[in-house]
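Number 132 in the working numbering belongs to position 113 of the sequence shown; there are no gaps in the numbering. For each residue, glycine too, the CB sits at the ideal point set by N, CA and C. Below is one structure, written out as structure tokens; the observations come after it.
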Amino acid sequence: MNAVELQEALSRGTRVYGTLITSSSPKLPGHIGSLGMDFVFIDTEHISIDRHELSWMCQAYKALGLAPIVRIPSPDPYAATMVLDGGANGVIVPYVETVEQVQALRGAVKYRPLRGQKLENILNGTEACDGELERYIQDYNKHNLLIINIESKPAMEALDDILQVPDIDAVLIGPHDLSCNLNVPEQYDNPVFLKAVEEIIDKARSRGIGAGIHYWIGTERQIEWAKRGLNLIIQSSDITTFIEYLGKDLSTIKAALGDQPTGETESISI
20 MNAVELQEAL
30 SRGTRVYGTL
40 ITSSSPKLPG
50 HIGSLGMDFV
60 FIDTEHISID
70 RHELSWMCQA
80 YKALGLAPIV
90 RIPSPDPYAA
100 TMVLDGGANG
110 VIVPYVETVE
120 QVQALRGAVK
130 YRPLRGQKLE
140 NILNGTEACD
150 GELERYIQDY
160 NKHNLLIINI
170 ESKPAMEALD
180 DILQVPDIDA
190 VLIGPHDLSC
200 NLNVPEQYDN
210 PVFLKAVEEI
220 IDKARSRGIG
230 AGIHYWIGTE
240 RQIEWAKRGL
250 NLIIQSSDIT
260 TFIEYLGKDL
270 STIKAALGDQ
280 PTGETESISI
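Take a look at the structure:
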């Protein structure tokens, strides 16, 4: 799925599927491409990936028909433009809590290459972007998606206002950060957490904005939330899947041979 198709699917409410990628192995894209996914989520907030490496990853996945969506380290417009220059089809912005942050990222993602005072004037409505410039900007940025991470109580309190900002393609729930911010850390079955997830899904979808969550603990919750309207489905990651299945296999082998079983694996939250 290319960026335009992904953007249209999110707006329609069509479900799209992806996973989080941490490995830059050149062998991985081909195998990921055979799994029936629509996009990949590449994380530079928690994973050490340099610009050169990231650009190769983006180009490889795009060549296989998988739109690369990159999470930047912070709500920084300049970081957003850097990953787009490297080949990303979209930007996931972490820990957004204010309309002002969204507007700044909107300018970076949807109004490139404008910057400075002219961009500020257009975003605050004191100058129009129309005619030839409007057509140019729309065409220049038609492959750029803007996805906002909702990961805190302040973000939820500002969600109605945030969702009124034009050009948001989707909101993405960060379950680990959100659960901690709601004082129920990693309690993903806690009613407080579940209510928050449902509220975010409902508000986003009612406005024709995609809603997603990156989840790695089984599949039941993803299915339940998707039936409610969640349509940006990011299931697990390469590293969590590797650890989960290798841990199970080693435990089975050791138990059958009477060797010391493998202990509990450490939880990974990305």
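Aspartate 104 and histidine 162 have their C-alpha atoms some 12 Å from each other. Annotation: the continuous beta strand (DSSP E) that includes arginine 90 extends over 86–90.
When the Cα atoms are used, valine 128 and aspartate 268 turn out to be separated by approximately 44 Å.
Annotation: glycine 32 to serine 225 spans about 10 Å, alpha carbon to alpha carbon.
Between the region 214–232 and the region 241–254, the count of Cβ pairs shorter than 8 Å is three or higher; the stretches touch. Counting only runs that start and end inside the region 34–77, the beta strand (DSSP E) elements of at least 3 residues fall at 35–40 and 58–62.
In this structure, histidine 233 lies away from isoleucine 258, with their beta-carbon atoms at least 9 Å apart. The shortest C-alpha to C-alpha distance from tyrosine 97 to any of Arg131, Val115 and Glu119 is the one to Arg131. Linking leucine 54 to glutamate 217 through their CA atoms gives a straight-line distance of about 28 Å. Taken atom to atom, the span from the alpha-carbon of isoleucine 156 to that of isoleucine 141 is near 12 Å. The C-beta separation of glutamate 170 from proline 113 comes to about 7 Å, placing the pair in contact by the 8 Å criterion. The count of Cβ pairs closer than 8 Å, one atom from the region 263–278 and one from the region 199–216, stays below three, leaving the stretches out of contact.
DSSP places valine 115 in the coil class of the three-state scheme, outside both helix and strand.
Annotated three-state conformation of alanine 174 is helix, per DSSP.
At the C-beta level, isoleucine 262 and isoleucine 236 stay beyond 9 Å of one another. Alanine 189 is bridged by DSSP to Ile166 and Gly229.
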